[in-house]
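Have a look at the structure below, then the notes.
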Amino acid sequence: MKVLFIAAEADPFVKIGGLGDVAGSLPLAIQRQAEVEVDIRLIIPFHDAIKSDFFSIQPLTSFAIESTSDSLQAEVYTSQINGLSVYLISGPPISSETQVYAPDASLDGFKYTFFSLAALQLTRELEWHPDMIHANDWHTAPAIYALNQARAQLQEFQNSKTLLALHNLPYLGVGAGAAMQTFGLPAAIDSPLPWWAQDLPLPLGLLSADHIVTVSPTYAREILTPEFGSGLHEFLQLRSGSISGILNGIDTESWNPATDAALETTYTVDSLAARQTNKVALQKELELKVDSKSPLLAMITRLDPQKGVDLIPQAFAQIANQPWQFVILGTGVPELEQEMRWLQAQFPGRVKAEIRYDFDLSRRIYGGADAILIPSRYEPCGLTQMIAMRYGCVPIARATGGLKDTIVDYDLSNASTGFLFDQPSTEELADAISRALVVYSNSDFWSGLQLRGMNTDFSWDRSAKQYLALYNRLVDQ
Ligand code: ADP
Numbered sequence: 000m001k002v003l004f005i006a007a008e009a010d011p012f013v014k015i016g017g018l019g020d021v022a023g024s025l026p027l028a029i030q031r032q033a034e035v036e037v038d039i040r041l042i043i044p045f046h047d048a049i050k051s052d053f054f055s056i057q058p059l060t061s062f063a064i065e066s067t068s069d070s071l072q073a074e075v076y077t078s079q080i081n082g083l084s085v086y087l088i089s090g091p092p093i094s095s096e097t098q099v100y101a102p103d104a105s106l107d108g109f110k111y112t113f114f115s116l117a118a119l120q121l122t123r124e125l126e127w128h129p130d131m132i133h134a135n136d137w138h139t140a141p142a143i144y145a146l147n148q149a150r151a152q153l154q155e156f157q158n159s160k161t162l163l164a165l166h167n168l169p170y171l172g173v174g175a176g177a178a179m180q181t182f183g184l185p186a187a188i189d190s191p192l193p194w195w196a197q198d199l200p201l202p203l204g205l206l207s208a209d210h211i212v213t214v215s216p217t218y219a220r221e222i223l224t225p226e227f228g229s230g231l232h233e234f235l236q237l238r239s240g241s242i243s244g245i246l247n248g249i250d251t252e253s254w255n256p257a258t259d260a261a262l263e264t265t266y267t268v269d270s271l272a273a274r275q276t277n278k279v280a281l282q283k284e285l286e287l288k289v290d291s292k293s294p295l296l297a298m299i300t301r302l303d304p305q306k307g308v309d310l311i312p313q314a315f316a317q318i319a320n321q322p323w324q325f326v327i328l329g330t331g332v333p334e335l336e337q338e339m340r341w342l343q344a345q346f347p348g349r350v351k352a353e354i355r356y357d358f359d360l361s362r363r364i365y366g367g368a369d370a371i372l373i374p375s376r377y378e379p380c381g382l383t384q385m386i387a388m389r390y391g392c393v394p395i396a397r398a399t400g401g402l403k404d405t406i407v408d409y410d411l412s413n414a415s416t417g418f419l420f421d422q423p424s425t426e427e428l429a430d431a432i433s434r435a436l437v438v439y440s441n442s443d444f445w446s447g448l449q450l451r452g453m454n455t456d457f458s459w460d461r462s463a464k465q466y467l468a469l470y471n472r473l474v475d476q
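Position 330 (the sequence shown) corresponds to 329 in numbering that gives the first Met the number 0; numbering is contiguous.
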């Protein structure tokens, strides 16, 4: 089977968010898991941030992509990463931009439509005809729409199946409609899409993909509802027979408390007590009161309304007399950054707001904090809860999307791995923290939660098997 995997970013070439993790890990995991050889090739834009010397990137070919006003030359480069073939596409719309994602959606629309069309054209230039085209989010959805338009005329695409993976539905590609038309991709005016979505890249991809996959099974159901459907829920209900969810994984080699060099002390399920050393070191580093018995709660997150950060101050005010400490590591919306600094001022020695991106500190928090708070309003999958559980840091999360699929709510059975609550409200968050603090005071119950989380398989291999099964099913159809 030949699979073309198209994404806007991929680790280690360039990573901005969770999509970079997925595109950097999943194609390799699919290749590893396949029983019959799968020729999977990754294709990303040759962003300014990608260091060509570091990845020994070589020129491969070039060809023109036509727009209504111009003929634009696509330059294709090639590289390898652990045996995986990678193509990088450059050309005027890509090389003229310094950022992976521009603040101006219309510039991004032009860049990513060009990239999507060049990715398709490359398969023709190479006479390498994919059985599966796996695109991700709005940036590469135009490839699926364009293929659908071309199928009738182009023999080589007759048997290609398309899969659109949704990592974050609300990013529809608003502002990119004009760019799509510049490249000859018309609005779908007689389609079941709502009128306002008929020229947007993600809805057009959702309209034309053979299958849609979300990054967790619960999110696949949630997007069919008004609360989570970004105005597309009625249209998505029409397509519900072709929507499924496959959980993301994490890189369990990189995220491993047994080998993590950022930690004061490494540990495993057999040496969990060593976490106390990390906790005390972390309290010192953060200038919190050093007390190994005081439950240390944490958040590591983009400071964005999606993540429910605004619920935190009120929730802590409600349980101020309980013995918690709290650290938040994150950057984002200035008002939320300010609110977190204010919270620190309210609780000196108990709250620390680290307003920055710090990869090593995030590791020390996962390896030293007792619990992580994730009160998200929506969460297509979420990686933090999986990383935290791998490090024995117990999640307290809203039961939505991938959080619901990866965390088993506390009860006295031998399955629970964290604490879940239903609504993103300060009351329910405060209540879930209080529940967790009661369990924390019983060290046997607490270490049971930690060990079950650490023993859960969050590797990419599990997801890769499900993607392979889906590819096979679609190709056989
Ligand atoms: P999203 O992709 O929606 O931001 P995820 O939970 O899927 O949320 O992934 C977030 C990732 O980014 C996690 O690996 C988390 O550790 C990391 N992260 C978020 N904020 C920071 C930060 N300020 N410093 C270091 N790592 C961060």
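Positions of the beta carbon are idealized from the N, C-alpha and C atoms, including for glycine.
- Counting only runs that start and end within the segment 100 to 171, where is the beta strand (DSSP E) found for 3 or more residues in a row? Taking 3 residues as the minimum length, the beta strand (DSSP E) runs contained wholly in the segment 100 to 171 are 131 to 135, 160 to 165, in order along the chain.
- Query: Unbroken beta strand (DSSP E) runs of length 3 or more, entirely within the segment 207 to 252: which are they?
  - Reply: List check, beta strand (DSSP E) in window: 210 to 213, 242 to 244.
- Message: Please list the terminal residues of the continuous beta strand (DSSP E) segment that includes Ser89.
- Response: For the purposes of this step, residue 89 is taken as the residue at position 90 of the sequence shown. That run of the beta strand (DSSP E) goes 83 to 89.
- Ala297: buried (16+ other C-beta within 10 angstroms of its C-beta) or exposed? For the purposes of this step, residue 297 is identified with residue 298 of the sequence shown, where counting begins at 1. Burial call: buried.
- Take Ala280 and list the residues in its own chain whose beta-carbon comes closer than 6 Å to its own, dropping the five residues that flank it on each side. Position 281 of the sequence shown, counting from 1, holds the residue named residue 280. In the same chain as Ala280, and ignoring 5 residues on each side of it, the C-beta atoms closer than 6 Å to its own belong to Glu263, in chain order.
- Which residue comes first and which comes last in the alpha helix (DSSP H) that contains Glu426? Counting from 1 along the sequence shown, the entry for residue 426 is found at position 427. Note, Glu426: alpha helix (DSSP H), 425 to 439.
- Task: Tell me, to the nearest whole angstrom, how far the beta carbon of Leu223 is from that of Leu206; I am working on the premise that it is less than 8 Å.
- Result: The count along the sequence shown starts at 1 and reaches residue 223 at position 224. The count along the sequence shown starts at 1 and reaches residue 206 at position 207. With a Cβ gap of about 16 Å, Leu223 and Leu206 do not count as contacting.
- Query: CA-CA distance, Asp152 and Val212?
  - Reply: Within the sequence shown, the letter at position 153 stands for residue 152. Within the sequence shown, the letter at position 213 stands for residue 212. The sequence given here has Gln at residue 152, not Asp. Here the alpha carbon of Gln152 sits roughly 27 Å from the alpha carbon of Val212.
- Task: Pick out whichever of Asn81, Leu467, Ala63, Ala414 has its Cα sitting closest to the Cα of Gln32.
- Result: Residue numbering aside, residue 32 sits at position 33 when the sequence shown is read from its first letter. The closest CA to that of Gln32, considering only Asn81, Leu467, Ala63, Ala414, is found on Leu467.
- From Thr425 to Asn320, what does the alpha carbon distance come to, in whole angstroms? Along the sequence shown, one-based indexing puts residue 425 at 426. Along the sequence shown, one-based indexing puts residue 320 at 321. Their Cα atoms are separated by approximately 16 Å.
- Quick one: what does DSSP say Gln402 is sitting in, helix, strand or coil? Taking the sequence shown and counting its residues from 1, one reaches residue 402 at position 403. Residue 402 is actually Leu in this sequence, not Gln. In this structure, Leu402 counts as helix in the three-state DSSP scheme.
- From Gly230, Arg123, Ser115, Asp359, pick the residue whose C-alpha is nearest to that of Trp137; which is it? The residue given as residue 137 occupies position 138 in the sequence shown. Closest in alpha carbon position to Trp137, among Gly230, Arg123, Ser115, Asp359, is Ser115.
- Query: Grouping DSSP H, G and I as helix and E and B as strand, with all else coil, what is Gln476?
  - Reply: Residue numbering aside, residue 476 sits at position 477 when the sequence shown is read from its first letter. Gln476: coil per DSSP, three-state reduction.
- Query: Do the segment 414 to 430 and the segment 270 to 290 meet, that is, are 3 or more Cβ pairs less than 8 Å apart?
  - Reply: Contact fails: fewer than three Cβ-Cβ distances are below 8 Å.
- Message: For Phe53, count the other beta carbons within 10 Å of its own beta carbon; 16 or more makes it buried, fewer makes it exposed. Which is it?
- Response: As a position in the sequence shown, residue 53 is number 54, starting the count at 1. With fewer than 16 other Cβ atoms within 10 Å, it is exposed.
- Query: Taking 6 Å as the cut-off, is the CB of Phe227 close to at least one heavy atom of the ligand ADP?
  - Reply: Numbered from 1 along the sequence shown, position 228 holds the residue referred to as residue 227. Checking the Cβ of Phe227 against the ligand ADP gives no.
- Query: What residue from Ser78, Leu27, Gly401 has the CA that sits closest to Pro216's CA?
  - Reply: Taking the first residue of the sequence shown as 1, we reach residue 216 at position 217. Residue Gly401 is the option with its Cα nearest to Pro216.
- Query: Taking DSSP as the reference, what is the three-state secondary structure of Met298?
  - Reply: Taking the first residue of the sequence shown as 1, we reach residue 298 at position 299. The answer is strand: DSSP assigns Met298 an E or B state.
- Do Gly307 and Pro394 have their CB atoms nearer than 7 Å? Start at 1 with the first residue of the sequence shown, and residue 307 comes out as number 308. Start at 1 with the first residue of the sequence shown, and residue 394 comes out as number 395. No; because the gap between Cβ atoms is not below 7 Å, this pair is not in contact.
- Hey, Arg340 and Ser375: beta-carbon distance below 7 Å or not? Along the sequence shown, one-based indexing puts residue 340 at 341. Along the sequence shown, one-based indexing puts residue 375 at 376. The Cβ atoms of Arg340 and Ser375 do not sit closer than 7 Å to each other.
- Message: Taking 6 Å as the limit between beta carbons, can you name the residues of its chain near Ala314, skipping five residues before and five after?
- Response: Here the question's residue 314 lines up with position 315 in the sequence shown. In chain order, Thr425, Leu428, Ala429 place their CB closer than 6 Å to the CB of Ala314, counting only its own chain and leaving out the 5 sequence neighbours on each side.
- Query: Looking only at its own chain, which residues have a Cβ that is under 6 Å from the Cβ of Ile143, when we skip the five neighbours before and after it?
  - Reply: The residue you call residue 143 lines up with position 144 of the sequence shown. The residues are Ala134, Thr161, Leu163, Gly204, Ser207, Ala208.
- For Leu201, which residues from the same chain have a beta carbon less than 6 Å from its beta carbon, with the 5 sequence-adjacent residues on both sides left out? Position 202 of the sequence shown holds residue 201. Only Trp137, Ala140, Leu171, Gly172 meet the Cβ criterion.
- Item | Three-state secondary structure (DSSP) of Phe182 | Within the sequence shown, residue 182 is the residue found at index 183, counting from 1. Of the three classes helix, strand and coil, the one that applies to Phe182 here is coil, per DSSP.
- Using the Cα positions of Leu125 and Val75, report the straight-line distance between them to the nearest angstrom. For the purposes of this step, residue 125 is taken as the residue at position 126 of the sequence shown. For the purposes of this step, residue 75 is taken as the residue at position 76 of the sequence shown. Going from the Cα of Leu125 to the Cα of Val75 covers about 11 Å.
- Among Pro92, Tyr365, Val85, Val35, which one has its Cα closest to the Cα of Met0? Working through the sequence shown from its first residue, we reach residue 0 at position 1. Considering only alpha carbons, the answer is Val35.
- Cα-Cα separation, Glu8 to Tyr111: Translated into positions along the sequence shown, residue 8 becomes position 9. Translated into positions along the sequence shown, residue 111 becomes position 112. If I take the Cα positions, the gap works out to 11 Å.
- Query: Who are the Cβ neighbours of Met388 in its own chain at under 8 Å, not counting the five residues just before and after it?
  - Reply: Working through the sequence shown from its first residue, we reach residue 388 at position 389. The answer, listed in chain order, is Pro394, Thr405, Ile406, Thr416, Gly417, Gly452, Met453, Thr455, Phe457.
- Item | Per-residue burial, Gln337 [other beta carbons within 10 Å of its own, 16 or more giving buried] | Your numbering for residue 337 matches position 338 in the sequence shown. With fewer than 16 Cβ atoms within 10 Å of its Cβ, Gln337 is classed as exposed.
- Query: Under a Cβ-count criterion, where at least 16 other Cβ atoms within 10 Å of its own Cβ denotes burial, should Phe12 be classed as buried or exposed?
  - Reply: For this step, residue 12 is matched to residue 13 along the sequence shown. Counting Cβ neighbours within 10 Å, Phe12 comes out buried, since at least 16 surround it.
- Item | Closest Cα partner of Val214 within the set Ala196, Ser442, Gly248, Ser55 | Within the sequence shown, the letter at position 215 stands for residue 214. Of the candidates Ala196, Ser442, Gly248, Ser55, the one whose C-alpha sits nearest the C-alpha of Val214 is Gly248.
- Coarse secondary structure for Leu205, derived from DSSP in three states: If you number the sequence shown from 1, residue 205 lands on position 206. Residue state, collapsed to three classes: helix.
- So, helix, strand or coil for Thr60, using DSSP? Here residue 60 refers to the residue found at position 61 of the sequence shown. Shown here, Thr60 sits in a strand according to DSSP, grouped into three states.
- State the CB to CB distance for the pair Leu83 and Leu119, rounded to an integer number of angstroms; the pair is presumed to be in contact (CB under 8 Å). Position 84 of the sequence shown, counted from the first residue, corresponds to residue 83. Position 120 of the sequence shown, counted from the first residue, corresponds to residue 119. Not really, about 20 Å apart at Cβ, beyond 8 Å.
- Message: Restricting to runs no shorter than 3 residues, where is the beta strand (DSSP E) found entirely within the segment 346 to 401?
- Response: Runs of the beta strand (DSSP E) inside the segment 346 to 401: 350 to 353, 370 to 373, 393 to 397.
- Message: Using a 10 Å radius around the Cβ and a threshold of 16 neighbouring Cβ atoms, would you call Ala187 buried or exposed?
- Response: Position 188 of the sequence shown holds residue 187. When all chains shown are included, Ala187 counts as buried.
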